[in-house]
Amino acid sequence: MSLALTLAVRGLTLLGVLAVVLLLLVVALGSTGFSDRMLSAIVNEDLRGIRTGLAQTIRDPDKLEETLALRRQELVRFYGLDRPWYTRLPGMVLRVARLDMGEARNLRTFKGDRGVAELVQERLPYTVLLITTATAITTVLGLWLGVKLATRVGSLLDRIASYLSAVSYAVPAWWAGILLILLLAFKLRLLPSGGLYSTPPPEEGLARALDLLWHAVLPIGTLVLVSLGAWVYTVRTMVLNTAQEFFVTVARAKGLPEGRVMRRYILRVAAPPIVTNVVLGLAGSLGGAILTETVFNWPGMGRLYYEAIITADENVIVALTFMFTLLYVAARFVLEVLYVLLDPRIRYGRS
Amino acid sequence: MKAGEIVGALLATGSGRVGAVLLVVLVAVSLFVLVRFPLDFGPRRWNNPEAWADNPKAVPPVWTLLWSRDAVKHTVFEATSSGDGAANAGTYTFAYQHRGGGPPTFLSFAVSDVRFNARPQVITLRVERPDGKSILLTQVVVRGPRAGESPPYLRYQESPSRVNLSGDVEAALRVSTFLAQEFRVTASPSALQGDLAAAVFGVPLPGPPLAFQPLPGRYLFTVQVQAASPEDSVGSLRLALGGSAYGVMGTDALGRDLAMGLLFGFPVALAIGIATSLFATAIGTALGLMSGFLGGKTDLAIQRFSDIWSNVPLLPILVFLIFILGPRLWLVVVIMILFGWPGLTIVVRSMVLQIRSGQLVEATRALGASRRRIMFRHLLFQIAPFIFAQMIFFTPGAILAEAGLSFLGLGDPSIPTWGQILESGFRTGAVYVGYWWWVLPPGLLIVATAMAFVLLTLGLEPVVNPRLRSR
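Residue numbers (my numbering), protein chains in the order written: chain U, 3 to 353; chain B, -13 to 457.
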């Protein structure tokens, strides 16, 4: 398969994921009568606007009500509320995909907007900041430590690391966050327990950025700490598997320096399976971020999820479910591209 | 490999042994809970505030205060009728030993299951102190007959009549009068309200501000039931003196005994994990076998679908579906099964493809074995150890996913889980005020349960991956 074809297949699969999730969302919304409620809320909202507009021109209250009833019928027909839910599927899919979900019930943006799309857009960067920073730190640390470990297989350190990786898999990030809050924020008072800025927030500029960084230490630290163990062990195992291949022995026999053997012969070959493992862990780290944001009151989409559940804000939940899937699919695609670039067997095509 | 050999290989590794021990403990505790707890423990006990009303709220476990001088033991006195409706007019006394530390954190008096024929009973609670002085704390007058009601009159059947003396205005007034008469100290009832126990169990110190010196010794609580007829009865009398610690695991803000909730979480967690992994593995294996063995269009369809389905991120979908469909535990399990199988299908298929082209299958086919026989007797048998390991590997994921969902506030309210205990602790701010006994144990149990299965998976590695067997 050629490079373009491979990428196209992966991209189509991921688009399929998005489509399946959208369909799932919309069918669940429709069959439980939720989409009816959502659309009638939008109709009522529109009518309120029309009423204030009409009240300027029509003085007679009976006439006003009559006109409004007429308008309501038009709107009901326009939104398809008079038809069964499955006939509205395409419209609903588009609505969810565009985040055209009307207004949030109780939640507001920092500026006080009620729109679901605005709310989600405002919170998205904080989630992306958290996840990407944590992933970057984990990746770098994991590669470094994993390679270190691979050079001393069977040592005490290696055995400890294997147990730590098991712990890393079993400890939920959110609970680790609670532990760290109890220890570092409550007991030792070293770090803030949550939020984005101190109260009162510092002025613009460097102080503000530093304050943000200061508050990000714990959530990012938690995410790194929890995923690092498994990641280090994965790198170690992959490196080890490759190091046993003959071409590595040959490279060593040629007298190449060890650093060069590691970089050019081992890591280069082990890179694609390592990326595969990142891909496999991605959904997990996304879930971890949702819960970690909740624990640390980090105003990203995960925390918004929690707030929406607490206040039973259906529109926001639908929008967030879609956004998280979108985020996941986007990250997956980046990794797929990376994988294709790293694996020459795919890049140059196999017949 | 036979089952016995698998267990043998598992127990040969350190992690396998630790995992097996953990699993045995988990199963043993779960069986104990299943035998001892009612199945409707959630709605009937855990989420019923009445069941925990006499407990101290948000106090640490007893063992944390073993060496503390200020520790107050939680004491509940109870007098119950023998059940045959015996009239229990008369006097009941409860002796409380005050050791000189802090006073009880609260005083609560409850009367339940009252029955009278003509005139309602009057129940008084009085305490006699070590210094010989006595205080009338409260007087409960049972509600008289209503218009249209006929004897015998039943009162406080469903929920008892409870007086929380520490916050009661009337009790504060009585104690204020007592202080004025006996010690010539003026204390306004509003100042005493909420801090009543200090006055009851102490001697006022001179001068403002109002303060009390603890008065250690024997306190005699006397409950007097005055009834008009010998047929009148009182089902039970309860006097609770709040402690500063409770039980083996402490209590939460509602006074719930955390030990009970944590215990109930054992079978629930195991059931979630095992049910999910069992069914997801079964579906994944079946489809993988079909896909790999049958090939052709079936293969293509199953593989395309698995590819897409395996990429759906579980937690967001779980949150959404449970929110829309309602928080029910069986639904959570069903959804996790529905989204759990595709990964395995892909792997099983590739293994089947490898084995299918092997000589064993070829020979069996030549012998005239049916497709079904080859599929189940030969293919499945060969990959069985791997499937078994996958099943164990899948279990902690399900337990952790449910815990995360509960933590987001979408737990099944009728079935308490560890995640829900953590959630209530987090929502009420227990983390930020340092109620560690509320948030550490449930998390540790989640981790220990997940660890058991992760360690078993590690221990099974030599079975699944024969290359490692020689090491």
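Even glycine gets a Cβ: it sits at the ideal position worked out from N, Cα and C.
Handout entry: is_contact[B/T(-1), chain U] using C-beta, thresh 8 Å
Key = Proximity of B/T(-1) to chain U, defined by a Cβ-Cβ separation below 8 Å, is not satisfied.
Problem - Integer Cβ distance of U/V281 from U/L242, believed to fall under 8 Å - result: Contact flag wrong, Cβ pair sits at about 21 Å.
Practice task
From the DSSP output, read off the bridge partner residues of B/N150.
Solution key: Its beta-bridge partners are B/S94.
Handout entry: Residue of U/S287, U/G283, U/D48, U/V250 minimising C-alpha distance to U/L269
Key = For U/L269, the nearest C-alpha among the options comes from U/V250.
Practice task
Output yes if chain U places a C-beta closer than 8 Å to the C-beta of B/N150; else output no.
Solution key: No, B/N150 does not count as interfacial toward chain U.
Exercise for the section: Give a yes or no on whether the C-beta atoms belonging to B/L256 and B/L446 are separated by under 8 Å. Expected result: Result no, Cβ atoms of B/L256 and B/L446 do not sit closer than 8 Å.
Exercise for the section: Kindly indicate if chain U contains any beta-carbon less than 8 Å away from that of B/D293. Expected result: So yes, B/D293 belongs to the interface.
Problem - Contact set between the stretch 390 to 404 of chain B and chain U, restricted to residues whose Cβ is under 9 Å from the partner - result: Those residues of the stretch 390 to 404 of chain B that come within reach of chain U (Cβ to Cβ, closer than 9 Å) are G390, F393, L394, G395, L396.
Practice task
May I ask you to report which of helix, strand or coil DSSP gives B/P24?
Solution key: Three-state DSSP puts B/P24 in coil, outside helix and strand.
Handout entry: Any chain U beta carbon closer than 8 Å to B/F412
Key = Using a Cβ-Cβ cut-off of 8 Å, B/F412 counts as an interface residue toward chain U, since at least one Cβ of chain U sits closer than that to its own.
Handout entry: 9 Å Cβ cut-off: residues of chain U touching B/I432
Key = Under the 9 Å cutoff, chain U gives A172, V173, P174, W177.
Practice task
Check B/Y82 in the structure and name its three-state DSSP category.
Solution key: Three-state result, B/Y82: strand.
Practice task
Flag U/T111 as yes if its beta-carbon sits less than 8 Å from any beta-carbon of chain B, otherwise no.
Solution key: Closer than 8 Å: no.
Exercise for the section: Report yes or no: do three or more beta-carbon pairs, one from the stretch 95 to 107 of chain U and one from the stretch 178 to 193 of chain U, lie closer than 8 Å? Expected result: Touching, no.
Practice task
State buried or exposed for U/W146, treating a residue as buried only when at least 16 other CB atoms are found within 10 Å of its CB.
Solution key: Within 10 angstroms of the beta-carbon of U/W146 lie fewer than 16 other beta-carbons, which makes it exposed.
Practice task
Report yes if the C-beta distance between B/Q107 and B/V220 is below 8 Å; otherwise report no.
Solution key: Cβ atoms of B/Q107 and B/V220: closer than 8 Å.
Exercise for the section: Would you please state the rounded distance, in angstroms, between the beta carbons of B/T237 and B/A44? I believe it to be under 8 Å. Expected result: Indeed, because the Cβ distance is near 6 Å, the residues count as touching under 8 Å.
Practice task
Under 6 Å Cβ to Cβ from B/P46, same chain only, skipping five residues before and after it: list those, please.
Solution key: Excluding sequence positions up to five before and after B/P46, its CB lies within less than 6 Å of the CB of A231, G236, W423, all in the same chain and listed in chain order.
Handout entry: Same chain, Cβ closer than 8 Å to B/D70, neighbours up to 5 away in sequence not counted
Key = Interpretation of B/D70 is limited by its pLDDT of 46, a score under 50 that renders its predicted location unreliable; the figure taken from the coordinates is listed afterwards. Closer than 8 Å at Cβ, skipping near neighbours: no residue.
Problem - Selection of the stretch 307 to 333 of chain B by Cβ proximity to chain U, strictly under 8 Å - result: Answer set for the stretch 307 to 333 of chain B: L307, F309, I310, L311.
Exercise for the section: Can you check DSSP and say which residues form a bridge with B/P200? Expected result: Paired residue(s): B/G188.
Problem - Extent of the continuous alpha helix (DSSP H) run through U/V130 - result: Taken as a continuous stretch (DSSP letters only), the alpha helix (DSSP H) holding U/V130 covers 118 to 152.
Problem - Residue(s) in a DSSP beta bridge with B/T110 - result: Beta bridge pairing from DSSP links B/T110 with B/Q125, B/Q210.
Handout entry: Nearest neighbour of B/S176, chosen from B/L206, B/T163, B/S16, B/R170 [CA to CA]
Key = Among B/L206, B/T163, B/S16, B/R170, the Cα nearest to that of B/S176 belongs to B/T163.
Exercise for the section: Classify B/S176 as helix, strand or coil using the three-state DSSP reduction. Expected result: Here B/S176 sits in helix by DSSP.
Exercise for the section: Please confirm if the stretch 359 to 379 of chain B is in contact with the stretch 300 to 312 of chain B, defined as three or more CB-CB distances below 8 Å between the two stretches. Expected result: Contact between the stretch 359 to 379 of chain B and the stretch 300 to 312 of chain B is absent: fewer than 3 CB-CB pairs across the two stretches fall below 8 Å.
Practice task
Check the Cβ of U/Y308 against every Cβ in chain B and list those closer than 8 Å, keeping chain order.
Solution key: In chain order: L394, G395.
Practice task
Answer yes if the stretch 242 to 251 of chain B comes into contact with the stretch 402 to 409 of chain B, meaning at least three C-beta pairs across the two stretches below 8 Å, and no otherwise.
Solution key: Flag = yes, the stretch 402 to 409 of chain B and the stretch 242 to 251 of chain B touch.
Handout entry: Counted within 10 angstroms of its Cβ, other Cβ atoms place B/Q376 as buried (16 or more) or exposed
Key = The residue is buried, with at least 16 neighbouring Cβ atoms inside 10 Å.
Problem - Same chain, Cβ closer than 7 Å to B/Y142, five either side skipped, listed in chain order - result: The answer, listed in chain order, is V97, S98, D99, V100.
Problem - Neighbourhood of B/S16 by C-beta distance below 7 Å, restricted to the same chain and skipping five residues each side - result: Correct list, in chain order: F252, P253, L256.
Problem - Euclidean distance between Cα positions of B/F18 and B/L25 - result: Approximately 13 Å, taken between the alpha carbons.
Handout entry: Minimum Cβ-Cβ distance from U/F249 to chain B less than 8 Å
Key = Cβ-Cβ to chain B under 8 Å: no for U/F249.
Problem - Chain-ordered neighbours of B/V305 on chain U, where CB pairs are closer than 9 Å - result: I292, Y307, I311, I319, L322, T323, F326, listed in chain order.
Problem - Local conformation of B/G76 per DSSP, three classes - result: The three-state secondary structure of B/G76, taken from DSSP, is strand.
Handout entry: CA-to-CA distance, B/G2 to U/G156, given in whole angstroms
Key = Taking the straight line joining both Cα atoms gives about 18 Å.
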